[in-house]
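One line per chain: the protein sequences are E and V, in this order. In terms of this note's numbering, the first sequence is numbered consecutively and its last residue is 1576. In terms of this note's numbering, the second sequence is numbered consecutively and its last residue is 1576. Glycine included, each C-beta is placed from N, C-alpha and C at the ideal position. Small disclaimer: the values here were computed from a predicted structure and weren't measured. First comes the structure, then the notes that go with it.
Protein chains: 2
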Amino acid sequence: MARKRFDDSTCSVARALNEVGDWWSLLIVLHAMHGTRRFVDFQQELGIARNILCDRLARLVDNEVLKKVDVGEHGSRFEYRLTEKGRDLFPIVIALRQWGDKWNPAPDQAPLDLRDRETGRTILPVDVRDADGKPLTVRDVFVPGDDIGQLNPSDSKKQTG
Amino acid sequence: MARKRFDDSTCSVARALNEVGDWWSLLIVLHAMHGTRRFVDFQQELGIARNILCDRLARLVDNEVLKKVDVGEHGSRFEYRLTEKGRDLFPIVIALRQWGDKWNPAPDQAPLDLRDRETGRTILPVDVRDADGKPLTVRDVFVPGDDIGQLNPSDSKKQTG
DNA sequence: GAATCTGGTTTTAAAATGCAACCCTATTCT
DNA sequence: AGAATAGGGTTGCATTTTAAAACCAGATTC
Chain E
1416 MARKRFDDST CSVARALNEV GDWWSLLIVL HAMHGTRRFV DFQQELGIAR NILCDRLARL
1476 VDNEVLKKVD VGEHGSRFEY RLTEKGRDLF PIVIALRQWG DKWNPAPDQA PLDLRDRETG
1536 RTILPVDVRD ADGKPLTVRD VFVPGDDIGQ LNPSDSKKQT G
Chain V
1416 MARKRFDDST CSVARALNEV GDWWSLLIVL HAMHGTRRFV DFQQELGIAR NILCDRLARL
1476 VDNEVLKKVD VGEHGSRFEY RLTEKGRDLF PIVIALRQWG DKWNPAPDQA PLDLRDRETG
1536 RTILPVDVRD ADGKPLTVRD VFVPGDDIGQ LNPSDSKKQT G
């Protein structure tokens, strides 16, 4: 059957995953962040099937993560460019990269070394931080008045998180 | 056909997504972070089909994001608990939440207010930061010697990012 | 000892995925 | 000019995945 949709979930994590929670979307966004803009380039770099790429690009455009720009005088060349919403996925992509590097390191390859353009220095691990910038783990945080009910609506048959 | 696997990709983002890049896994991890541990509780809170939940829990256990613990004297009660690897997904989950809150706010609901247990103060937005803690956008970073080749292996038909 | 809870497995139908083949519109080569 | 090629898709088909509901078996509770 069709996968469940989370678009009307009360949980913002579910709503976020509804837009970029599949196997390909964040990889497309990642490549866009590294400068890829053309259909064929995404296709060859990712090794994704053309119809799936079509579908994913259309969904990302629908969700305003990418915008499709007509370049070329007679309208048969396009570019897919990140929107601000798309660029805002940067911390998520980097956090995923760091998690992958930490827990599933590639056998023969050093992790990608991302640096600040201005200072040339390596970026920090992405972390949840308190107001003073101190890194926090999941155990260090709470939700005022939390009863998990806020994450788990009473209509448990239909809601998602 | 079967979905492509990214487990042997040279890209750590692809390897990360191979483990938690589907629609459900991060929602399961999210609920685990809020204290859910039992099969039935995940099932009811998420509204996920039982067979899919089984499959996802097994995959998460295989990938050491969760561990399955036998509680109950005669071995018919289990708990699924986060491992350190699983807890390390915290920044990703929170970044997704913040992205969802920012770009797809729920019409009638305030975003979840996560606070530091110690100080009681609200957490900061998750960001990529330079060595001094200054937030960086995707445009502020570079990869030394970057030619995107590092993300896009030459064997472009089979690699993924 | 019957009902219920827990943690699943099985069956079935509808989608989603991947691949290859095809298509149409430019643009480039000869 | 005509042929070949690049860009950006769409279509058809076989295989997997997904969702939902039914079923099941070992503990626990009534």
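Under 7 Å Cβ-Cβ, which residues of chain V neighbour residue i?
i	result
residue 1505 of chain E	1543, 1552 and 1553
residue 1557 of chain E	1530 and 1532
residue 1417 of chain E	Correct list: empty, because the minimum Cβ distance to chain V is about 11 Å.
residue 1536 of chain E	1545 and 1546
If you check the beta carbons only, do residue i and residue j fall under 7 Å apart?
i	j	result
residue 1425 of chain V	residue 1459 of chain E	no
residue 1484 of chain E	residue 1499 of chain E	no
residue 1427 of chain V	residue 1512 of chain E	yes
residue 1504 of chain V	residue 1444 of chain V	yes
residue 1501 of chain V	residue 1480 of chain V	yes
residue 1521 of chain E	residue 1510 of chain V	no
residue 1439 of chain V	residue 1471 of chain V	yes
residue 1464 of chain E	residue 1497 of chain E	no
residue 1431 of chain E	residue 1514 of chain V	yes
residue 1468 of chain E	residue 1442 of chain E	no
residue 1516 of chain E	residue 1506 of chain E	no
residue 1532 of chain V	residue 1547 of chain E	no
residue 1478 of chain E	residue 1434 of chain E	yes
Could you check where the alpha helix (DSSP H) with residue i kicks off and where it finishes?
i	result
residue 1500 of chain V	1499-1502
residue 1460 of chain V	1454-1461
residue 1548 of chain E	Taken as a continuous stretch (DSSP letters only), residue 1548 of chain E belongs to no alpha helix (DSSP H), as it is neither H nor E.
residue 1420 of chain V	No alpha helix (DSSP H) holds residue 1420 of chain V; DSSP gives it neither H nor E.
residue 1437 of chain E	Looking at the DSSP string, residue 1437 of chain E is not in any alpha helix (DSSP H), and its letter there is neither H nor E.
residue 1476 of chain V	1465-1477
For residue i, return the contacting residues in chain V, with the cut-off set at a CB-CB distance below 8 Å.
i	result
residue 1437 of chain E	1436, 1437 and 1438
residue 1428 of chain E	1441, 1442, 1445, 1508, 1511, 1512 and 1515
residue 1482 of chain E	By Cβ distance, chain V contributes nothing, its closest Cβ being about 14 Å from residue 1482 of chain E, past 8 Å.
residue 1548 of chain E	1539 and 1548
Between which two residues does the beta strand (DSSP E) holding residue i run?
i	result
residue 1483 of chain V	1481-1486
Kindly list, in the order they appear in chain E, the residues whose Cβ is closer than 8 Å to that of residue i.
i	result
residue 1452 of chain V	The premise fails here: residue 1452 of chain V is roughly 12 Å from chain E at the closest Cβ pair, so nothing lies under 8 Å.
residue 1473 of chain V	What residue 1473 of chain V touches in chain E: nothing, since even the nearest Cβ is about 18 Å away.
In chain V, which residues lie less than 9 Å from residue i when you measure between Cβ atoms?
i	result
residue 1502 of chain E	1552, 1553 and 1554
residue 1466 of chain E	Under the 9 Å cutoff, chain V gives no residues; its nearest Cβ is about 12 Å from residue 1466 of chain E.
### Query
Is the number of C-beta pairs between the stretch 1537-1545 of chain V and the stretch 1534-1549 of chain E that are closer than 8 Å three or more?
With the rule of 3 Cβ pairs closer than 8 Å, the stretch 1537-1545 of chain V counts as touching the stretch 1534-1549 of chain E.
### Query
In chain order, which alpha helix (DSSP H) runs of at least 4 residues are fully inside the stretch 1505-1544 of chain E?
The stretch 1505-1544 of chain E contains these whole alpha helix (DSSP H) runs: 1505-1518.
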